[in-house]
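Sequential numbering of the sequence shown, starting at 1, is according to the numbering used here.
Even for Gly, the Cβ is constructed at its ideal location relative to N, Cα and C.
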Amino acid sequence: MSAFEDLAREVTVLILGGGRGTRLAPLTTRRSKPAVPIAGKYRLIDIPISNAINSGMERMYVLTQFNSVSLHRHISRTYRFDAFSRGSVSILAAQQTPDGTSWFQGTADAVRQNINIIRDVRAKHVLILAGDHMYRMDYRQLLSDHVENDADITIGVMPCSQEEIAEFGAARVDKSGRILEFREKPKTAEAREGMEVSPDLLRSKGVRADQPFLASMGIYLFKRDALLEALDNELVDFGGDIIPKEVPRRRVQAHFFKGYWRDIGTIRAFFDAHMDLVGNSPAFSFHDVAWPFYTRPRYLPGALLQDCRFDHALLGEGSVLEGATFNHSVIGIRSSVRGATLDHVLLMGVDSHFPDADSSIPDVGVGPGSVIRNAIIDKNARIGRDVRIVNEQGLSEADGDQWVIRDGLVVIPKNAVIQDGTVI
1 MSAFEDLARE VTVLILGGGR GTRLAPLTTR RSKPAVPIAG KYRLIDIPIS
51 NAINSGMERM YVLTQFNSVS LHRHISRTYR FDAFSRGSVS ILAAQQTPDG
101 TSWFQGTADA VRQNINIIRD VRAKHVLILA GDHMYRMDYR QLLSDHVEND
151 ADITIGVMPC SQEEIAEFGA ARVDKSGRIL EFREKPKTAE AREGMEVSPD
201 LLRSKGVRAD QPFLASMGIY LFKRDALLEA LDNELVDFGG DIIPKEVPRR
251 RVQAHFFKGY WRDIGTIRAF FDAHMDLVGN SPAFSFHDVA WPFYTRPRYL
301 PGALLQDCRF DHALLGEGSV LEGATFNHSV IGIRSSVRGA TLDHVLLMGV
351 DSHFPDADSS IPDVGVGPGS VIRNAIIDKN ARIGRDVRIV NEQGLSEADG
401 DQWVIRDGLV VIPKNAVIQD GTVI
């Protein structure tokens, strides 16, 4: 075992899973953001957990708060380590205690309210992750930078544009990668002033040099004692409060990430992430046997395909697809599509096999003659015959009965019923 593999065992991982996820509604109406299905069979929470397992960091805690039932169920059914393993994934739900009776007020407050866990496990380092990003990362490389630079805090960063930096924390670094200044979500020219990073510095770190800002990925690795001291106050957020305060007084290092990373914070970002999976040259793929992503085994048969046409599609197991056409679409597990056309569609699939419906509503799935374009169809939706879900009026935002439009994309909520002949 290498030194860093051994050191990885001394890292405790905290995954933040408690935010409301309002920008991802209606997908988060009945579930928390980390529980949202992704890539046909996974949930968002599977990504940081799988990355941690593959990195040899198997002591994990998931901090939860809103709409957490399905997230708890998924974690408890999926991540069961054997009796001879040190690994565990424990759930830390928001709770009232003698020391506090309030909900988590922010990312830092969520960790603070569970500070006894950090004290009790006696880990040398604490890795704090978000539960709503799509990426593949070996956290041992982050740990290597952290230890070699003797950093108190190391933050995962990557280049981004001026438009994008308004949604992230911006880091200004020196040539060694030490963070000199950190500003959370600089939305104005004044807030961005002085935060640009030179192309030469970016090239020296092996990352793309055509984007002038460094964005925080929301990945924080702390020395244990540094974290305990940083939280000895009432500040509530890491990006907005803790990191800007710690930068002048501690060694805060940047870890330059060279791979694919996407924040799944909005409907558009969620949709675009799925289109990345089925592009001409997919920007990201779950098909890497050397770095697998884990999820709950469902023991479903392979997809049954009859007289279908496919052009860039990802198919979930257990699906029955007959006489249908799919273009740049992701089809979730147990999906049923007959005689329909799906163009740039995310069809999330079905929770379990439902019996045929009565004559008053369509069966679960997509019925014959229907056309769906640029849309997200949440689980268990019933879409009848000759339905057109194409944003017929070209709206950017709208709310209807059993559907919404967000950023030009039609979203059909979970368990929705779209009757025969409906045009959206």
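Helix, strand or coil at residue i according to DSSP, with G and I counted as helix
{"i": "residue 231", "result": "coil"}
{"i": "residue 205", "result": "coil"}
{"i": "residue 9", "result": "coil"}
{"i": "residue 44", "result": "coil"}
{"i": "residue 50", "result": "helix"}
{"i": "residue 34", "result": "helix"}
{"i": "residue 325", "result": "strand"}
{"i": "residue 132", "result": "coil"}
{"i": "residue 289", "result": "coil"}
{"i": "residue 116", "result": "helix"}
{"i": "residue 239", "result": "helix"}
{"i": "residue 424", "result": "coil"}
{"i": "residue 165", "result": "helix"}
{"i": "residue 20", "result": "coil"}
{"i": "residue 375", "result": "strand"}
{"i": "residue 111", "result": "helix"}
{"i": "residue 73", "result": "helix"}
{"i": "residue 1", "result": "The predicted position of residue 1 is uncertain, since its pLDDT is 43 and thus under 50; a value taken from the coordinates is nonetheless stated next. Reduced to three states, the DSSP call for residue 1 is coil."}
According to DSSP, residues forming a beta bridge with residue i
{"i": "residue 430", "result": "Outside the displayed span of the chain (1 to 424) sits residue 430, for which this structure offers no information."}
{"i": "residue 223", "result": "125"}
{"i": "residue 310", "result": "326"}
{"i": "residue 383", "result": "366 and 418"}
{"i": "residue 215", "result": "158 and 170"}
{"i": "residue 304", "result": "320"}
{"i": "residue 14", "result": "61 and 128"}
{"i": "residue 331", "result": "315 and 347"}
{"i": "residue 389", "result": "372"}
Contact under 8 Å by Cβ, residue i with residue j
{"i": "residue 303", "j": "residue 317", "result": "yes"}
{"i": "residue 171", "j": "residue 254", "result": "yes"}
{"i": "residue 284", "j": "residue 47", "result": "no"}
{"i": "residue 75", "j": "residue 45", "result": "yes"}
{"i": "residue 350", "j": "residue 338", "result": "no"}
{"i": "residue 423", "j": "residue 388", "result": "yes"}
{"i": "residue 93", "j": "residue 103", "result": "no"}
{"i": "residue 168", "j": "residue 215", "result": "yes"}
{"i": "residue 418", "j": "residue 383", "result": "yes"}
{"i": "residue 259", "j": "residue 135", "result": "yes"}
{"i": "residue 14", "j": "residue 126", "result": "yes"}
{"i": "residue 425", "j": "residue 106", "result": "Absent from the structure is residue 425, since the part of the chain shown begins at 1 and ends at 424."}
{"i": "residue 264", "j": "residue 132", "result": "yes"}
{"i": "residue 296", "j": "residue 77", "result": "yes"}
{"i": "residue 256", "j": "residue 137", "result": "no"}
{"i": "residue 57", "j": "residue 8", "result": "yes"}
{"i": "residue 347", "j": "residue 331", "result": "yes"}
C-beta neighbour in chain D for residue i, strict 8 Å
{"i": "residue 399", "result": "Absent from the structure is chain D; it holds one protein chain and no more."}
Start-to-end residues for the beta strand (DSSP E) that takes in residue i
{"i": "residue 410", "result": "409–412"}
{"i": "residue 90", "result": "88–93"}
{"i": "residue 82", "result": "No beta strand (DSSP E) contains residue 82, which DSSP labels as neither H nor E."}
{"i": "residue 405", "result": "403–406"}
{"i": "residue 62", "result": "59–64"}
{"i": "residue 336", "result": "336–338"}
{"i": "residue 343", "result": "341–347"}
{"i": "residue 184", "result": "179–184"}
{"i": "residue 400", "result": "397–400"}
{"i": "residue 262", "result": "261–263"}
Enclosing alpha helix (DSSP H) for residue i [first to last residue]
{"i": "residue 270", "result": "267–277"}
{"i": "residue 192", "result": "189–192"}
{"i": "residue 146", "result": "139–148"}
{"i": "residue 196", "result": "Neither: residue 196 is in no alpha helix (DSSP H) and is coded neither H nor E."}
beta-carbon residue i near the ligand GTP non-hydrogen atom, thresh 7 Å
{"i": "residue 277", "result": "This structure simply doesn't include the ligand GTP, nor any ligand for that matter."}
Worksheet entry | Cβ pair count under 8 Å reaching 3, the segment 20–30 against the segment 402–417 | The segment 20–30 makes contact with the segment 402–417: 3 or more CB pairs, one atom from each, lie closer than 8 Å.
Fill in: Given 8 Å, three or more beta-carbon pairs between the segment 41–56 and the segment 78–92
Cβ pair count under 8 Å is three or more, so yes.
Worksheet item: How do the segment 145–154 and the segment 200–212 stand: do at least 3 beta-carbon pairs fall below 8 Å, yes or no?
Response: With the rule of 3 Cβ pairs closer than 8 Å, the segment 145–154 does not count as touching the segment 200–212.
Worksheet item: Can at least three beta-carbon pairs, one atom from the segment 334–352 and one from the segment 368–380, be found at a separation below 8 Å?
Response: Yes: the two stretches touch, three or more of their Cβ pairs being nearer than 8 Å.
Discussion item. For the structure I just gave you, are there three or more beta carbon pairs, one from the segment 237–252 and one from the segment 27–46, closer than 8 Å?
Written reply: Because the criterion of three Cβ pairs below 8 Å is not met, the segment 237–252 and the segment 27–46 do not touch.
Worksheet item: Per the contact definition of three or more C-beta pairs closer than 8 Å, is the segment 207–222 in contact with the segment 150–159?
Response: They touch, by the three-pair rule.
Practice prompt. Decide yes or no for the touch test of the segment 260–279 against the segment 176–193: beta carbon pairs closer than 8 Å, at least 3 of them.
Written response: Under the Cβ criterion (8 Å, minimum of three pairs), the segment 260–279 does not count as touching the segment 176–193.
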